[in-house]
Each structure stands twice: as structure tokens, then as C-alpha cells.
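Everything on this sheet refers to the single structure shown next.
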Amino acid sequence: MKALNLIGLDKEKSKELVNHLNDLLANYQIFYQNLRGFHWNVKGSNFFELHAKFEEYYNDAIEKVDEIAERVLTLEGTPLHSYSAYMKQAEIKEVTEVSDGNRCVKEIVGNLGILIRKEREILALAAEIGDDGTQDMINPYISEQEKNLWMLRAYLSE
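The sequence shown begins at 1 in full-length UniProt numbering and counts up by one.
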């Protein structure tokens with residue numbers, strides 16, 4: 001008989017899911033910090049528009065960071081919690097000294113693509129083990145990010 005965690009999920013499969021969630025957490029932390037940098041440093045004719053949009057995005061990202069970490073804890077794991085761990089784990093790389101708005105937007109588009117791919121992997125694993133809670137958390141992330149990608153691509157197609 002399989003060992004179950006407190007919420008009734010297979011412990012071994014939950015550990016695998018925790019690893020994926022920690023990977024997503026690391027990527028979100030770097031994404032968040034990139035967004036802060038874009039917000040602080042963007043310049044040019046679209047400054048006001050992009051400055052506000054980047055703030056909206058980083059506020060959303062930090063909420064997701066907290067939700068992901070709490071889900072890791074719910075699954076009886078330990079969330080990554082150091083920038084050295086994030087930097088080692090994350091596929092998203094830090095972006096520094098960028099002030100061109102279009103370059104910032106292109107970086108965000110690339111980062112969102114990485115996040116969506118990782119979220120889809122988590123969805124598949126969560127479905128496999130019957131983890132409705134993780135699926136309920138991740139599904140809205142994907143829908144929101146797909147819409148953001150459409151809007152950002154439209155912005156870049158000037």
C-alpha cells in the first residue's frame with residue numbers, strides 16, 4: 001500500500017510535484033526581480049505605460065511566489081528560499097541594465113513562455129496523482145499568462 005501524506009496524496013509522487021513546484025518558484029523569483037528592474041529602469045516614450053504595466057506584473061508575480069511556496073508546504077515539502085538556490089535552479093536568467101522598453105517586453109514574453117511550459121508540466125503531474133488543489137492553483141496562472149502573451153505580442157507588433 002502506498003504511503004499517503006496528510007492531504008491524501010501519494011507521498012513519493014508528491015515529492016516529485018514539490019520538486020517541480022520549487023523549480024517554478026525559483027523561476028518566478030527571478031522573473032519577479034527582472035520585472036522590478038524593468039519597472040525601475042525603463043526609459044523612453046512609453047515610460048509611463050510600461051512603468052505601470054511592469055508594476056502590475058511584479059505585484060502579480062509576488063503573489064504567485066507566495067502561493068507556490070505555500071502549496072509546497074501543503075504537500076509537506078520545503079520551499080526554496082534563497083537567491084543562490086533560485087539562481088542555481090531557474091531556467092529564467094537575471095536581466096540587468098535594460099532600459100529599452102521593447103527589450104524589456106521581449107524578455108517578459110520569453111520568460112512567460114518558460115513559466116507556461118513549466119506550469120503545464122505541473123498540471124500533468126498534478127492530474128496524474130489526483131492533486132486538484134495544485135491544478136486549481138495553476139490553471140488560472142496559465143490562462144492569465146496566455147492572455148498577457150497575446151497582449152505583449154500585439155504591443156511589439158507596432
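Glycine included, C-beta positions come from ideal geometry on N, C-alpha and C. Computed from a predicted model, the values in this text were never measured in an experiment.
Which first and last residues belong to the alpha helix (DSSP H) in which Glu45 is found?
-> This sequence places Ser at residue 45; Glu is not what is there. Careful: Ser45 lies outside any alpha helix (DSSP H) and carries neither H nor E.
Reduced DSSP category for Asp131 - H, G, I as helix; E, B as strand; rest coil | Here Asp131 carries a coil assignment [DSSP, helix/strand/coil].
Where do the ends of the alpha helix (DSSP H) carrying His20 lie?
-> Counting along the chain, the alpha helix (DSSP H) containing His20 begins and ends at 11–41.
Report buried or exposed for His81, applying the criterion of at least 16 other Cβ atoms within 10 angstroms of its Cβ.
-> In this structure His81 is exposed. Its beta-carbon is surrounded by fewer than 16 other beta-carbon atoms within 10 angstroms.
Helix, strand or coil for Leu75 per DSSP?
-> DSSP places Leu75 in the coil class of the three-state scheme, outside both helix and strand.
Rounded to a whole number of angstroms, what is the C-alpha to C-alpha distance between Ile122 and Leu17?
-> Approximately 7 angstroms, taken between the alpha carbons.
Go ahead and label Ala124 buried or exposed: buried means 16 or more other beta carbons lie within 10 angstroms of its beta carbon, across all protein chains shown.
-> Within a 10 Å sphere around the beta-carbon of Ala124 sit fewer than 16 other beta-carbons, which makes this residue exposed.
Can you tell me the Cα-Cα spacing of Glu53 and Val105, whole angstroms?
-> Checking the sequence, you will find Lys at residue 53 rather than Glu. Cα to Cα, Lys53 sits roughly 10 angstroms from Val105.
Is the segment 22–40 close to the segment 107–118, with three or more CB pairs under 8 angstroms?
-> They touch, by the three-pair rule.
Report the residue from Leu9, Asn41, Glu119 whose alpha carbon sits nearest the alpha carbon of Ala26.
-> Here the closest residue by C-alpha is Glu119.
What are the start and end residues of the alpha helix (DSSP H) that includes Ser84?
-> Annotation: the continuous alpha helix (DSSP H) that includes Ser84 extends over 83–89.
Are the CB atoms of Ala3 and Lys13 nearer to each other than 8 angstroms?
-> Contact flag unset, no.
Apart from the five residues on each side of it in sequence, which residues of its chain come closer than 7 angstroms, Cβ to Cβ, to Ser99?
-> Leaving aside the five residues that flank Ser99 on each side, the residues in its chain whose CB is nearer than 7 angstroms to its CB run, in chain order, Asn41, Val42, Lys43.
From this set, Thr78, Met1, Tyr83, which residue's C-alpha is nearest Ile30's C-alpha?
-> Out of Thr78, Met1, Tyr83, the CA that lies nearest to the CA of Ile30 is found in Tyr83.
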